[in-house]
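One structure is given below, encoded as structure tokens.
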Amino acid sequence: MTPQQIHNTTIRHFLAPVAQLLDDASVSEILVNGPENVYFERAGRLNRADVRFPDDELLMAAAQNIADYVNRQLDDVHHSLDARLPDGSRVHVIIAPASRQGTCISIRKFQKASFDFDKLVARDSLSAEAAEFLRMCVLLHKNTVISGGTGSGKTSLLNALSTAIPEFERIIVIEDTSELQLHQPHTVYLEAQPIREDGRGQVTIRDLFVDSLRMRPDRIVVGEVRRGEALDLIQSMLSGHAGALTTVHANTPRDALIRLETLCLMNEVSLPVHVARTQVASAVHIVVQLNRLSDGSRRVQAVSEVLGLTETGTTGQYRLRDLFTFRGAGRDSQGRILGEIQWTGEKPTFAEEPFQIGYAEKVNLTTKLFCSG
Numbered sequence: 090m091t092p093q094q095i096h097n098t099t100i101r102h103f104l105a106p107v108a109q110l111l112d113d114a115s116v117s118e119i120l121v122n123g124p125e126n127v128y129f130e131r132a133g134r135l136n137r138a139d140v141r142f143p144d145d146e147l148l149m150a151a152a153q154n155i156a157d158y159v160n161r162q163l164d165d166v167h168h169s170l171d172a173r174l175p176d177g178s179r180v181h182v183i184i185a186p187a188s189r190q191g192t193c194i195s196i197r198k199f200q201k202a203s204f205d206f207d208k209l210v211a212r213d214s215l216s217a218e219a220a221e222f223l224r225m226c227v228l229l230h231k232n233t234v235i236s237g238g239t240g241s242g243k244t245s246l247l248n249a250l251s252t253a254i255p256e257f258e259r260i261i262v263i264e265d266t267s268e269l270q271l272h273q274p275h276t277v278y279l280e281a282q283p284i285r286e287d288g289r290g291q292v293t294i295r296d297l298f299v300d301s302l303r304m305r306p307d308r309i310v311v312g313e314v315r316r317g318e319a320l321d322l323i324q325s326m327l328s329g330h331a332g333a334l335t336t337v338h339a340n341t342p343r344d345a346l347i348r349l350e351t352l353c354l355m356n357e358v359s360l361p362v363h364v365a366r367t368q369v370a371s372a373v374h375i376v377v378q379l380n381r382l383s384d385g386s387r388r389v390q391a392v393s394e395v396l397g398l399t400e401t402g403t404t405g406q407y408r409l410r411d412l413f414t415f416r417g418a419g420r421d422s423q424g425r426i427l428g429e430i431q432w433t434g435e436k437p438t439f440a441e442e443p444f445q446i447g448y449a450e451k452v453n454l455t456t457k458l459f460c461s462g
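For the sequence shown, counting from 1, position 145 maps to 234 in the working numbering; every step adds exactly one.
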């Protein structure tokens, strides 16, 4: 047996109480809150599982096997870790005494079939019209930020957006933990690495971003910006690497821009606030806002164009134009929220570009948004 097969067998052995959930394709997340409390997510809703681990020692053994698989430590000094299972599922582990319930393991399962626009439209996450508009934004190399909370579907939408990138382009994907699954043949995947026990070997998102700029990218896709690498991304957008895609944690399109601005200021470069704000406002073209609604569904709530800054005040405020917004229509008999994302009647500032660069035949459902003159 190969080392990976051995790890897979031992991890599966120790995770036997949740093996059925791991094998269930309809389950998206498994949340083990100590040995006796196990929950799982299906169709956006959390459910209590009728399973348990015999004791915390066995659960801790499962956690240690996961740590061994990724060459990480889990002990009194290292209270938590982020890792991947052999099948690619993402795992977070936290142990006592930081966790009062004992060992907690959160598993976000690897989805073997990444979402495309057709699947997202079929799931009512967005309309066919909005999907065509977003495809066009990618083709036109508009820098696009996907904003949303945890579990709102940002990675699925990022996967879908990436399908619109032409196959002849070279794509560099940068992630903390590899999740994206692009279909284009010329894709290079870079993954951050944690610091080793000897204090060496750490590779940050920012390190990888610097590397990516030297690798002749046509597109840079950053799974999520969380720290000072936001400044590197923003400046690359301004210096010829247009068409970047990324995600950020925020609740509204405006909050997404403020979040990016704040992350830029976390860089060691002493950057004045007004400079960070001006750069974000100039670099980002489109913000797509996702929300997970109370019925468990994940919907695109807004697609907004960034129009720069206002003239008022010393630094100005972000100006946004909503091109699509979600309009609810109550609930059905099963409690599912009705409604869809609809065009607001506003046109983007780049409405003529598809016709100027030969994409007129791709404008079908969005003729109201794009015009030839």
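Cβ coordinates follow ideal geometry from the N, Cα and C atoms, glycine included.
Residues that DSSP places opposite residue i in a beta bridge
| i | result |
| --- | --- |
| residue 193 | 122, 183 |
| residue 422 | The partner list for residue 422 (beta bridge, DSSP) is empty, contrary to what the question assumes. |
| residue 242 | Partner(s): none; residue 242 has no beta bridge. |
| residue 398 | 407 |
| residue 169 | 183 |
| residue 276 | 260 |
| residue 429 | 416 |
| residue 391 | 378, 414 |
| residue 136 | 129 |
| residue 373 | DSSP output for residue 373 lists no bridge partner at all. |
Beta-carbon proximity list for residue i, same chain, < 6 Å, skipping 5 on both sides
| i | result |
| --- | --- |
| residue 320 | 353, 356 |
| residue 346 | 369, 407 |
| residue 416 | 428, 431 |
| residue 191 | 123, 145, 185 |
| residue 240 | 381 |
| residue 131 | 115, 116 |
| residue 216 | 429, 430 |
Coil, strand or helix - residue i by DSSP
| i | result |
| --- | --- |
| residue 104 | coil |
| residue 351 | helix |
| residue 142 | coil |
| residue 251 | helix |
| residue 448 | coil |
| residue 338 | strand |
| residue 95 | helix |
| residue 367 | helix |
| residue 174 | coil |
| residue 114 | coil |
| residue 159 | coil |
| residue 270 | coil |
| residue 303 | coil |
| residue 309 | strand |
| residue 358 | coil |
| residue 224 | helix |
| residue 216 | coil |
| residue 236 | strand |
| residue 282 | strand |
| residue 210 | helix |
CA-to-CA distance, residue j to residue i, given in whole angstroms
| i | j | result |
| --- | --- | --- |
| residue 124 | residue 457 | 56 Å |
| residue 411 | residue 434 | 9 Å |
| residue 206 | residue 385 | 19 Å |
| residue 168 | residue 187 | 7 Å |
| residue 396 | residue 164 | 50 Å |
| residue 358 | residue 318 | 11 Å |
| residue 363 | residue 405 | 8 Å |
| residue 381 | residue 257 | 34 Å |
| residue 233 | residue 136 | 34 Å |
| residue 230 | residue 250 | 12 Å |
| residue 177 | residue 267 | 8 Å |
| residue 237 | residue 447 | 33 Å |
| residue 213 | residue 389 | 9 Å |
| residue 259 | residue 340 | 32 Å |
| residue 288 | residue 189 | 29 Å |
| residue 441 | residue 414 | 22 Å |
| residue 342 | residue 143 | 46 Å |
Nonlocal neighbours in the same chain, by C-beta distance under 8 Å from residue i, ignoring five residues either side
| i | result |
| --- | --- |
| residue 455 | 218, 221, 222, 225 |
| residue 100 | 151, 154, 155, 158, 174, 175 |
| residue 325 | 298, 302, 309, 333 |
| residue 300 | 279 |
| residue 284 | 290, 291 |
Anticipated Cβ contact below 8 Å, residue i with residue j, distance rounded
| i | j | result |
| --- | --- | --- |
| residue 244 | residue 269 | 7 Å |
| residue 129 | residue 110 | 5 Å |
| residue 336 | residue 313 | 5 Å |
| residue 377 | residue 235 | 5 Å |
| residue 196 | residue 227 | That pair is no contact at about 31 Å. |
| residue 398 | residue 366 | 7 Å |
| residue 465 | residue 198 | A query on residue 465 cannot be resolved here, the shown segment of the chain reaching from 90 to 462 and no further. |
| residue 387 | residue 242 | 4 Å |
Proximal residues to residue i (C-beta, below 7 Å), its chain only, five neighbours per side dropped
| i | result |
| --- | --- |
| residue 170 | 156, 161, 163, 182 |
| residue 322 | 298, 311, 314, 333, 335 |
| residue 304 | 261, 277 |
| residue 372 | 232, 323, 326, 327 |
| residue 103 | 147, 150, 151, 154 |
| residue 274 | 256 |
| residue 141 | 106, 124, 125, 127 |
Any chain C beta carbon closer than 8 Å to residue i
| i | result |
| --- | --- |
| residue 205 | Among the protein chains of the structure shown there is no chain C, as only one such chain exists. |
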